[in-house]
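When you line the sequence shown up against the working numbering, it's residues 10 to 632, in that order. Working notes for the structure below.
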Amino acid sequence: MKKIYISIFTLAISFSAMAQLSLESLTFAKGEKSNRSSLMDSEKSAAIWEEDFANGIPVGWTNSAAPWVYRGPGTTPNQNTGTQGAYGTASTTISSTTQANGFIIFDSDYYDNNGTQGNFGNGPYPVPHNGELMTDMIDLTSYSDVTLMAHSYFRTFQGQAFVAFYVNGIYDSQVEVHSNLAVNDATTTDATALIRLPLTVCGNANVQMQFIFDGTSQSNVNGSGYYFWMLDDLELVETPAYLMDVVDQNHGGWDIGYLATSGVGMDYTFKPKVQSDANPYMFEMTIANVGAQPLNGIQMNVEVLNSAGVSVFNSSSSPTTLAVLDTASYLADQTYAPLSQGVYDINFWGTSDSILSSDTSDMTAVITDSVYGRDNANPAGAWRVGRVCGGLQLANKFDVYVADEATSVSAYVADYSVVGAEMYAVLYEVDTTGTSTVYIPLDQTDDYTIQPADRDNWVTIGFNQANNLMPGMYMVAIGGYVHPTDTFGINVSGSAEPTMSMIYDDGNGCNLGSQPPPFWYWVTDCPMIRLNFGTPSATNIDEDISNNAFLIYPNPSKGVFTISLDEDGGYDLTISNILGQPIYVSTIYGIEKIIDLSSFDKGIYTIELSNINNTFTKKVIVE
Numbered sequence: 010m011k012k013i014y015i016s017i018f019t020l021a022i023s024f025s026a027m028a029q030l031s032l033e034s035l036t037f038a039k040g041e042k043s044n045r046s047s048l049m050d051s052e053k054s055a056a057i058w059e060e061d062f063a064n065g066i067p068v069g070w071t072n073s074a075a076p077w078v079y080r081g082p083g084t085t086p087n088q089n090t091g092t093q094g095a096y097g098t099a100s101t102t103i104s105s106t107t108q109a110n111g112f113i114i115f116d117s118d119y120y121d122n123n124g125t126q127g128n129f130g131n132g133p134y135p136v137p138h139n140g141e142l143m144t145d146m147i148d149l150t151s152y153s154d155v156t157l158m159a160h161s162y163f164r165t166f167q168g169q170a171f172v173a174f175y176v177n178g179i180y181d182s183q184v185e186v187h188s189n190l191a192v193n194d195a196t197t198t199d200a201t202a203l204i205r206l207p208l209t210v211c212g213n214a215n216v217q218m219q220f221i222f223d224g225t226s227q228s229n230v231n232g233s234g235y236y237f238w239m240l241d242d243l244e245l246v247e248t249p250a251y252l253m254d255v256v257d258q259n260h261g262g263w264d265i266g267y268l269a270t271s272g273v274g275m276d277y278t279f280k281p282k283v284q285s286d287a288n289p290y291m292f293e294m295t296i297a298n299v300g301a302q303p304l305n306g307i308q309m310n311v312e313v314l315n316s317a318g319v320s321v322f323n324s325s326s327s328p329t330t331l332a333v334l335d336t337a338s339y340l341a342d343q344t345y346a347p348l349s350q351g352v353y354d355i356n357f358w359g360t361s362d363s364i365l366s367s368d369t370s371d372m373t374a375v376i377t378d379s380v381y382g383r384d385n386a387n388p389a390g391a392w393r394v395g396r397v398c399g400g401l402q403l404a405n406k407f408d409v410y411v412a413d414e415a416t417s418v419s420a421y422v423a424d425y426s427v428v429g430a431e432m433y434a435v436l437y438e439v440d441t442t443g444t445s446t447v448y449i450p451l452d453q454t455d456d457y458t459i460q461p462a463d464r465d466n467w468v469t470i471g472f473n474q475a476n477n478l479m480p481g482m483y484m485v486a487i488g489g490y491v492h493p494t495d496t497f498g499i500n501v502s503g504s505a506e507p508t509m510s511m512i513y514d515d516g517n518g519c520n521l522g523s524q525p526p527p528f529w530y531w532v533t534d535c536p537m538i539r540l541n542f543g544t545p546s547a548t549n550i551d552e553d554i555s556n557n558a559f560l561i562y563p564n565p566s567k568g569v570f571t572i573s574l575d576e577d578g579g580y581d582l583t584i585s586n587i588l589g590q591p592i593y594v595s596t597i598y599g600i601e602k603i604i605d606l607s608s609f610d611k612g613i614y615t616i617e618l619s620n621i622n623n624t625f626t627k628k629v630i631v632e
């Protein structure tokens with residue numbers, strides 16, 4: 010997911026609206042790609058200066074009114090606690106080398122809400138606020154090129170992370186850290202930040218560094234900021250001659266497709282095999298040269314492993330030279346279309362003639378029979394859709410590479426949703442041929458009433474008839490209604506490419522942005538909304554029957570789902586895992602049977618119903 014383009018985001022969402030809509034039940038989605046940097050111990054020189062906070066924040070460092078604090082064995086809370094804010098996970102801390110002896114944190118989330126959800130502006134240091142921690146003097150007289158290395162765990166709403174530099178007490182310049190993160194995004198807990206010091210700073214005797222959590226620069230009049238920045242194991246080293254940093258990676262072809270040619274190229278976490286066959290994965294990687302010398306023979310490399318951990322594909326890009334401080338995107342020479350449905354792990358790394366290798370970054374993709382999705386499956390916040398102020402629509406765009414039939418939409422309903430609230434799904438065609446994008450409604454489902462079991466779970470809403478989709482771009486939305494009490498939300502998970510996830514302000518008073526309503530805004534978090542296909546074969550009557558012989562809902566699910574028959578049964582039921590091994594055998598009599606696979610591993614399972622006349626099969630996803 011191409012996070013480096015977030016800077017073009019022009020939607021001005023107010024803090025109050027965003028806090029209500031996106032600061033709810035927030036836990037960062039696991040399994041996102043890593044952005045770790047590549048400085049091997051064998052390549053770095055001895056530290057010029059270092060600090061691991063074993064003894065707390067050093068005497069002589071200066072702190073701000075909203076302070077950075079030390080977490081260590083003798084503090085309360087100690088080093089096993091991260092953020093104390095209402096919208097984070099306290100047990101998740103930085104995974105630094107010396108985490109056991111302590112680290113430092115600026116806890117913007119806690120400072121605004123005091124650890125209570127909805128308590129905005131009532132914490133000890135409400136937003137807008139800055140956290141500024143300055144070192145004492147550091148002597149860099151003998152060094153002409155210096156790099157700061159730091160273990161860094163940063164999560165942002167609208168806060169920014171900077172390192173500022175001072176010479177003889179006078180401000181020189183500052184560098185933004187983790188600038189590629191989108192709203193509600195975070196680094197990995199073991200991320201390494203590499204900051205090359207400005208050359209104007211190097212060679213001076215009295216240098217200071219200031220670590221800044223800026224919760225004001227992106228804010229509106231109501232303030233902003235939010236979440237946290239944890240730091241540990243700071244080192245100043247002479248800049249190595251050869252050093253590469255992995256900035257980003259994707260398997261959709263975003264750089265080559267959408268941004269370069271207005272083509273196709275989004276990352277899909279769940280992709281129907283027929284669509285994958287028509288548009289195989291293309292692998293890209295963005296690499297920065299942060300060393301002191303050009304990198305020669307630089308290449309990106311990719312390996313794909315199937316669910317059994319077996320390597321099924323390898324490729325690399327053509328070698329090039331990357332100049333000092335340059336950043337470039339690389340495309341693998343070959344594409345890959347998985348031969349079967351299943352879960353695939355994709356590993357990326359960089360190499361060159363000058364450096365052995367970068368760290369490996371990884372992504373996960375699932376090839377399905379019918380499910381099309383872009384989310385990371387783990388709820389990480391939510392947008393309210395049915396609201397007191399208006400009935401909004403939250404949507405995802407999808408590329409259709411080969412003709413298929415859209416049959417239903419699945420969405421993950423937030424846990425705070427009110428039972429009895431009504432929701433619906435809408436299918437749009439996206440027309441980009443004009444000067445502005447036009448969304449053409451094609452079909453809308455009947456209203457669906459949220460049930461108790463639907464909260465914190467997937468819900469699938471079917472269209473009354475299948476919609477034949479020709480190759481092109483489409484959008485599916487979940488909509489709601491204005492209601493004083495019957496409100497609901499749809500969860501988000503992972504980052505969204507620019508303009509690929511949308512929310513519709515219907516003009517009833519929600520006032521999501523600066524444009525006069527009604528208006529479609531784009532959002533940077535990916536909604537957990539998926540498009541489901543079904544493709545009956547005209548040459549096989551049994552396959553035609555099988556599409557209507559039984560339904561599975563919800564699908565995907567957490568393991569508990571219902572098999573519904575179109576007539577009284579009498580079928581043998583077999584459920585098999587991705588390896589074809591039966592894991593559940595039973596018989597269905599009547600028209601419904603509830604299945605519980607919650608004790609089994611997450612993944613794709615095959616449902617087979619058979620009697621003396623027919624055998625029907627479908628896939629179900631357990632998350």
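Glycine included, C-beta positions come from ideal geometry on N, C-alpha and C. Nothing here was measured: the structure is a model prediction, and the numbers come from that model.
For the beta strand (DSSP E) that residue 4 lies in, which residues bound it at each end?
Residue 4 cannot be examined here, being either before or after the span of the chain that is shown, 10 to 632.
Could you pull the start and end residues of the alpha helix (DSSP H) that residue 391 belongs to?
In the DSSP annotation of this structure, residue 391 is not part of any alpha helix (DSSP H); the continuous beta strand (DSSP E) holding it starts and ends at 391-395.
Going by CA-CA distance only, name the one from 328, 453 and 334 that's closest to residue 254.
Nearest of 328, 453 and 334 to residue 254, Cα basis: 334.
To the nearest angstrom, how far is the alpha carbon of residue 426 from that of residue 244?
Straight-line measurement puts the Cα of residue 244 at about 47 Å from the Cα of residue 426.
If you check the beta carbons only, do residue 242 and residue 61 fall under 8 Å apart?
Between residue 242 and residue 61, the CB-CB gap stays under 8 Å.
What do you get for residue 125, buried or exposed, if any count of 16 or more other CB atoms within 10 angstroms of its CB means buried?
So residue 125 counts as exposed.
Considering Cα atoms alone, identify which of 106, 130, 142 and 104 is closest to residue 76.
Taking each of 106, 130, 142 and 104 in turn and checking the Cα distance to residue 76, the smallest one comes out for 142.
Rank 296, 574 and 65 by C-alpha distance to the C-alpha of residue 81 and give the top, closest one.
Comparing alpha carbon positions, the residue from 296, 574 and 65 closest to residue 81 is 65.
Nearest to residue 59 (by Cα), restricted to the options 459, 339, 246 and 112
Of 459, 339, 246 and 112, the smallest CA-CA separation from residue 59 is found for 246.
Which class does residue 108 belong to by DSSP, given the choice of helix, strand or coil?
Residue 108 falls in the helix class under three-state DSSP.
Span of the alpha helix (DSSP H) holding residue 341?
Where residue 341 is concerned, there is no enclosing alpha helix (DSSP H), because DSSP gives it neither an H nor an E.
Residues near residue 518 in its chain [Cβ-Cβ closer than 7 Å; skip 5 each side]
Within the same chain, and ignoring the five residues on either side of residue 518 in sequence, the residues whose Cβ sits closer than 7 Å to its Cβ are 398 and 399.
Is the Cβ-Cβ distance between residue 419 and residue 565 less than 8 Å?
The Cβ-Cβ distance between residue 419 and residue 565 falls below 8 Å.
Express the C-alpha separation of residue 136 and residue 86 in angstroms, rounding to a whole number.
For residue 86 and residue 136, the distance between alpha carbons rounds to 23 Å.
Taking the runs of the beta strand (DSSP E) that are 3 residues or longer, which of them lie wholly in the segment 125-156?
Unbroken beta strand (DSSP E) stretches of 3 residues or longer found wholly inside the segment 125-156: 139-143, given in chain order.
Pull up the distance between the alpha-carbon of residue 239 and that of residue 147, whole angstroms please.
In this structure, the straight-line span from the alpha carbon of residue 239 to that of residue 147 is close to 22 Å.
Which residue from 337, 306, 288 and 108 puts its Cα closest to that of residue 347?
Closest option to residue 347, Cα to Cα, is 288.
For the putative contact between residue 616 and residue 626, defined by C-beta atoms under 8 Å, what is the C-beta separation to the nearest angstrom?
So it is a contact: roughly 7 Å between Cβ atoms.
By the three-class DSSP mapping on this structure, what secondary structure does residue 282 have?
Residue 282 falls in the helix class under three-state DSSP.
Does residue 479 pass the burial test, meaning 16 or more other C-beta atoms within 10 Å, or should it be called exposed?
Here residue 479 is exposed: its Cβ has fewer than 16 other Cβ atoms, across all protein chains shown, within 10 Å.
Nearest-angstrom Cα separation, counted from residue 256 out to residue 465:
About 33 Å.
Of the residues 172, 196 and 177, which one's Cα is nearest the Cα of residue 185?
For the residues 172, 196 and 177, the minimum Cα distance to residue 185 belongs to 172.
So residue 593 packs on residue 620, CB below 8 Å; how close in whole Å?
Not confirmed; about 18 Å, so no contact.
Can you list, in chain order, the residues of its chain with a C-beta nearer than 8 Å to that of residue 460? Leave out the 5 residues immediately preceding and following it.
Contacts found: 428.
Could you name each continuous beta strand (DSSP E) segment of 3 residues or more that falls completely within the segment 418-486, going from the start of the chain to the end?
Entirely contained in the segment 418-486, the beta strand (DSSP E) runs reaching 3 residues are, in chain order, 431-440, 447-453 and 466-478.
Pick out whichever of 500, 515, 541 and 520 has its Cα sitting closest to the Cα of residue 534.
Cα-wise, what sits closest to residue 534 is 500.
With DSSP collapsed to three states, give me the class of residue 122.
DSSP places residue 122 in helix when its eight states are reduced to three.
Compute the distance between the beta-carbons of residue 362 and residue 306, then report whether it is under 8 Å.
Taking 8 Å as the Cβ cut-off, residue 362 and residue 306 qualify as a contacting pair.
Residue 372 lies in the beta strand (DSSP E); which residues open and close that run?
370-377 is the extent of the beta strand (DSSP E) around residue 372.
With distances taken from CA atoms, which of 477, 364, 99 and 102 is nearest residue 250?
Relative to residue 250, the option among 477, 364, 99 and 102 whose CA is nearest is 364.
Do the CB positions of residue 392 and residue 421 come within less than 8 Å of each other?
No.
Using only the alpha-carbon positions, how far apart do residue 632 and residue 582 sit?
It is roughly 21 Å from the alpha-carbon of residue 632 to the alpha-carbon of residue 582.
Report the three-state DSSP secondary structure of residue 585 (helix, strand or coil).
Residue 585 falls in the strand class under three-state DSSP.
Please list, in chain order, all residues of the same chain as residue 262 whose beta carbon is under 6 Å from its beta carbon, the five residues on each side excluded.
The answer, listed in chain order, is 274 and 291.
Name the residue from 491, 296 and 476 whose alpha carbon lies nearest to the alpha carbon of residue 359.
With distances taken between Cα atoms, residue 359 lies closest to 296.
Just to confirm, are residue 439 and residue 453 a CB contact at a threshold of 8 Å?
No, Cβ-Cβ distance for residue 439 and residue 453 is not below 8 Å.
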